[in-house]
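Asks: Below you'll find the structure I mean.
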Amino acid sequence: MLQGWVIALTSFGYLGLLFAIAYYADKRADAGRSLIANPYIYALSLAVYATAWTFYGSVGRAASDGVGFLPIYIGPTLMIALWWLVMRKVLRISKANRITSLADFIASRYGKSALLGGVVTVIAVVGILPYISLQLKAVSNSFTIVLQYPEIVMPAKVGAIPILQDTALWAALILAAFTILFGTRHLYSAEHHEGMVAAIAFESLVKLLAFLAVGVFVTYGIYDGFADVFSRAAADAALQPLLTPLEGVAGGYANWVWLTVLSMLAIMFLPRQFQVTVIENTDERHLNKAIWLFPLYMLAINIFVLPIAFGGRLHFPDGLVDADTFVLTLPMAEKQELLALLVFIGGLSAATGMVIVETIALSTMVCNDLVMPVLLRMRSLRLNERADLTGLLLGIRRGSILLILLLGFLYFRLAGEAYALVSIGLISFAAVAQFAPAALGGIFWKDGTRRGALAGLAAGFVVWFYTLLLPALARSGWLPLGLLENGPFGIELLKPLELFGLSGLDQITHAMLWSMLANLGMYVVVSLLDTPSAEEHRQASLFVDVFKGAGDAPGARFWRGTASATDLHNLLTRFLGAEAADDAFRGYAMRKGISWPAQPLPADAEFVHHVETQLAGAIGAASARIMVASAVKEEALTVEEVRKILDEASQVVMYSHRLEQKSRELEAASAELRAANERLQELDRMKDDFVSTVSHELRTPLTSIRAFAEILLANPEVELTQRKQFVGIIVKETERLTRLINQVLDLAKLESGSAEWHVTQVDMRELVDDVLAGMSQVFTEKGIEVVAHLPVRVAPVGADLDRVIQVLLNLLSNAVKFCGPAQGRIEVTLETVGDWVRVDVRDNGPGIARSDQRVIFEKFRQAGDTLTDKPQGTGLGLPISRQIVEYLGGRLWVESRLGSGACFSFTLPVSRQAA
Amino acid sequence: MGDGERKGQRMVALCMLGCVLFNFPVLALFNVPGTLLGVPLLYAYIFLAWALLIALMAWVVERRE
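As they're listed, the protein sequences go chains A and B. With my numbering, the residue at position 775 of the first sequence is 756, and numbering never jumps. Basically my numbering = 1-based index in the second sequence + 25.
In structure tokens form, the structure reads like this:
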């Protein structure tokens, strides 16, 4: 079934399907229901990175050196990890400035320089030609091979066929027609090609599925899984070295690393990648998903490369079949016609996807940054007076698409034969890598200048041309081979493949090393020696500080002059058409709250800037600059003025930062103040409570003293016994009063920290003994049994002897107070626990409820109901004791259950000196 | 921006991790004869490390702080 007409029909059918998808997506976009505004489509569209190179070439590369195909995909994965930092910035800048292409981006950064834009365009076009020729080669080869089915015949040498019979020419022409239909049906605002993106995303799916289908077929259909393919390869002497491929190859790791670096740069600066990643991006947030989905895509499309490569070499051991065609020839050899057709379509998707996006991106560059600036400068053409230039713009783009594809074909005829697919593609990678210093430097380094970028680009491009493109032409017989072998004019040092005697590296590594050195070196050195112009200054600050920018149009700050809204409207109409111009005006007026066209628009700096950005979206920054400058009267700003504006702006930003910081500090301070105030109020309340409690406690004994004293005063004839009793009460109450006042003073001293402490070495055993002996009278009076568990010796503690006695006395007298009246029993235990000496005083009284266990340590608080139970004691003993113990570095606490007594314990630290 | 900055730093760290995983000394460790489930060691390592890196990138970038 693989006759020529079937294949041709399928191919055209497929292209038609793509067109239908694009048409539908464009219609949806016009209706405001964008098909591509989701992160999955975005991620799939990035996969335009996988071209015929990936589809056919990876297997070819793997078949010859094993791992060499992988850095091309691992590099981008590493770069994409940096996208969060880099690409978000590029996206933000591009949206703010309505960037239309990579050349526009670089030109715009360096003062909207038309010259720089032109240079970037030339480098991009020349650099990409090999890449386009690779796609043409892959399409025409796969077509020729499929056509020979069931025979497997390699295509004849290029030169052997007359040009008109060369399928590559027809492929080029058909693709050109298709791309022109596709991408230049009308002028897109800001170069959003929604239809194209939808079609590309679809193509990405097709090529992935096709490749996976072949992979599964080869791995599981022809062979018996991965292990089988690899074990057969291991048994083959010719293939065995490919299993540990980094070994024998000279500079194996260096090549690997350089290929990785090269592809890291390529994923950023290939014109088509810049197009889909930056220009076609509809929402910055889509980047999040793409950051991992796109690497995942690359991983998936590479999984079966090795089995196909090894399978192919095992299947065609004689080496007559080109490894670049294994993907196609394996299914053909196995008589899988449908699969072969699917592969052909997959390869076609990969190639057409690349060609469409690449040529659209390049044609935009050629039109906006090469042709238009020149035409606009040629006054004899009187372009300024033409009413509608949209036709001209479209014409230039269509012409350049055709031209680029024909040039690609020319390169294919000239040099396409000498290299495998991957090697051809790498030449283009090395070319676009030259954009890295100017572009990356441009968004992070303000001092990079226009002349620096120009010098760097030119130097890098020249070295690239000399070390990569010349050898390619020489090997194809268009230049004398002696140039490679002996150097130009026999100067060995200048041999293109071993420049300055550097040998032992592969061609790409060698070229990258020298070109990057020249490029980066010139960029930095010239930039540092150069003084930038006013325009460069402001663009540099707009790019580098894009995240710091304040307001809608920071660019407007830099403009001064007079303009008329009518002139500007005419200008927009000429380039965008009347409808788009009206839209742009209406949008701006709406933002400003003016009902245009009833009311006039003020032609101020911001408005002129708005018009220029709109225009830049169609014809690029450099051309837009020229056009706006011709339509309005401008006053040129000097470097000094731009610097001043920048300084002012950065000062404003700095001031507002400082203000924010100050207000944050103020907030923090006021929060602290509030907290302090609350604390003060709390303390105040506590003081009031304390004073009222103390007064109350003082009044009780005073009242009774006064009452008895008054009785005695009023009744002198009171009996002696009764008088004695009354005086006894008065004395007791006075004692209580004194005790209370002493304790209040004591507590006040302790709390204010003005108490005097005499810390000495205290032997606790002796102390406990003494205190118990001193109280023995009390115990016998009350009939309390005292049991003491005292070890022979405990380590001495560092403490104030009198204070500790005070604590112990307090605990013991509490215990006495609360002991059972009949069989009172107090246990005193002394022990050493680690670094602590611990004293327990246990009574067999009523115990303390859990809820009261904390309360009793507060001032004037006692367990139980103080209203019904007459307070026994002042309620200050325990708080004082706790203060003392804590001051000495110990702890005082109680363990108790209602009904089973209480155990007060305290610890004191063992003296350091003794230990 | 605080959030974004942390994310950015994590992504840079991942890029560095990738640079180490796919570079000379580490790669050389696996560039030896031997297989993992029938797949030559070097290839098995590269694809597994690659998948791991992608998983980590997804985790970092999709995580809500």
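Where is the CB? At the ideal position from N, CA and C, for every residue including glycine.
Apart from the five residues on each side of it in sequence, which residues of its chain come closer than 7 Å, Cβ to Cβ, to residue 605 of chain A?
Replies: 593, 596, 597
Asks: Answer yes or no: do residue -5 of chain A and residue 326 of chain A have a C-beta to C-beta separation smaller than 7 Å?
Replies: yes
Asks: Would you kindly work out how many angstroms separate the C-alpha atoms of residue 215 of chain A and residue 65 of chain B, rounded to a whole number?
Replies: 9 Å
Asks: So who's on the other strand from residue 874 of chain A, going by DSSP bridges?
Replies: A:886
Asks: Do you know how far the Cα of residue -14 of chain A is from the Cα of residue 481 of chain A?
Replies: A straight-line Cα-Cα distance of about 54 Å links residue 481 of chain A and residue -14 of chain A.
Asks: Let's test the definition: count the other Cβ atoms within 10 Å of the Cβ of residue 407 of chain A and tell me whether it reaches 16, buried, or not, exposed.
Replies: Burial call: buried.
Asks: Based on Cα-Cα distance, which residue from A:224, A:192, A:767, A:122 lies nearest to residue 810 of chain A?
Replies: Out of A:224, A:192, A:767, A:122, the CA that lies nearest to the CA of residue 810 of chain A is found in A:767.
Asks: Can you tell me whether DSSP reads residue 807 of chain A as helix, strand or coil?
Replies: strand
Asks: Examine the Cβ distances between the region 74 to 93 of chain A and the region 296 to 308 of chain A and report whether three or more of them are shorter than 8 Å.
Replies: no
Asks: What's the gap between the Cα of residue 152 of chain A and the Cα of residue 120 of chain A?
Replies: 7 Å
Asks: Below 8 Å, how does it come out for the region 515 to 528 of chain A and the region 54 to 74 of chain A: are there three or more Cβ pairs, yes or no?
Replies: yes
Asks: Between the region 307 to 329 of chain A and chain B, which residues of the former have CB atoms less than 8 Å from a CB of the latter, in chain order?
Replies: none
Asks: Decide if residue 93 of chain A is buried, meaning its Cβ has at least 16 other Cβ atoms within 10 Å, or exposed.
Replies: buried
Asks: Relative to the alpha-carbon of residue 40 of chain B, which residue among A:273, A:177, A:200 has its alpha-carbon at the smallest distance?
Replies: The residue with the shortest Cα to Cα distance from residue 40 of chain B is A:273.
Asks: State yes or no: is the beta carbon of residue 249 of chain A nearer than 7 Å to at least one beta carbon in chain B?
Replies: No, no contact with chain B.
Asks: Under 9 Å Cβ-Cβ, which residues of chain A neighbour residue 45 of chain B?
Replies: Chain A residues near residue 45 of chain B: none, gap ~11 Å exceeds 9 Å.
Asks: Could you please tell me which residues of the region 61 to 85 of chain A, in chain order, have their CB closer than 9 Å to any CB of chain B?
Replies: So the list reads 61, 62, 63, 64, 65, 66, 69, given in the order they occur along the chain.
Asks: Give, in chain order, every residue of the region 44 to 63 of chain B whose Cβ lies closer than 8 Å to some Cβ of chain A.
Replies: 44, 47, 48, 49, 52, 53, 56, 57, 58, 60, 62, 63
Asks: By the 7 Å beta-carbon criterion, what residues does the region 264 to 282 of chain A contribute toward chain B?
Replies: 269, 272, 273, 276, 277, 280
Asks: Flag this pair as yes or no: are the beta carbons of residue 123 of chain A and residue 328 of chain A separated by less than 7 Å?
Replies: yes
Asks: List, in chain order, every chain A residue whose beta-carbon is nearer than 9 Å to that of residue 67 of chain B.
Replies: 47, 48, 224, 225, 226, 227
Asks: Between A:87, A:381, A:835, which has its C-alpha nearest residue 416 of chain A's C-alpha?
Replies: For the residues A:87, A:381, A:835, the minimum Cα distance to residue 416 of chain A belongs to A:87.
Asks: Taking Cβ-Cβ distances shorter than 9 Å, what residues in chain A pair up with residue 73 of chain B?
Replies: Chain A residues near residue 73 of chain B: none, gap ~11 Å exceeds 9 Å.
Asks: Give every residue of the same chain whose Cβ lies closer than 6 Å to the Cβ of residue 310 of chain A, excluding the five residues on either side of it in the sequence, and list them in chain order.
Replies: 133, 302
Asks: Compute the distance between the beta-carbons of residue 196 of chain A and residue 177 of chain A, then report whether it is under 7 Å.
Replies: no
Asks: List the endpoints of the continuous beta strand (DSSP E) containing residue 817 of chain A.
Replies: Where residue 817 of chain A is concerned, the enclosing beta strand (DSSP E) stretches over 817 to 824.
Asks: With DSSP as the reference, identify every bridge partner of residue 779 of chain A, one or two as the case may be.
Replies: A:742.
Asks: In this structure, how does DSSP classify residue 729 of chain A when only helix, strand and coil are distinguished?
Replies: helix
Asks: Assign residue 929 of chain A to one of three DSSP states: helix, strand, or coil.
Replies: Only positions -18 to 896 of chain A appear in this structure, which leaves residue 929 of chain A out of reach.
Asks: Distance check for residue 10 of chain A and residue 241 of chain A, CA to CA, integer angstroms please.
Replies: 38 Å
Asks: Can you pull the chain A neighbours of residue 39 of chain B, defined as C-beta to C-beta under 7 Å?
Replies: 62
Asks: Counting Cβ pairs, one atom from each stretch, are 3 or more of them under 8 Å apart for the region 487 to 500 of chain A and the region 441 to 451 of chain A?
Replies: As far as the Cβ criterion goes, the region 487 to 500 of chain A touches the region 441 to 451 of chain A, which means the pair count is three or higher.
Asks: Return yes when the Cβ of residue 796 of chain A is within less than 7 Å of the Cβ of residue 822 of chain A, no when it is not.
Replies: yes
Asks: Output, in chain order, the set of chain A residues within a Cβ distance shorter than 7 Å of residue 78 of chain B.
Replies: 58
Asks: Taking CB distances under 7 Å as the criterion, tell me whether residue 295 of chain A reaches chain B.
Replies: no
Asks: Is the shortest distance between the beta-carbon of residue 532 of chain A and the beta-carbons of chain B less than 7 Å?
Replies: Reliability of the predicted coordinates at residue 532 of chain A is poor, the pLDDT of 43 falling under 50, and no value is obtained from them.
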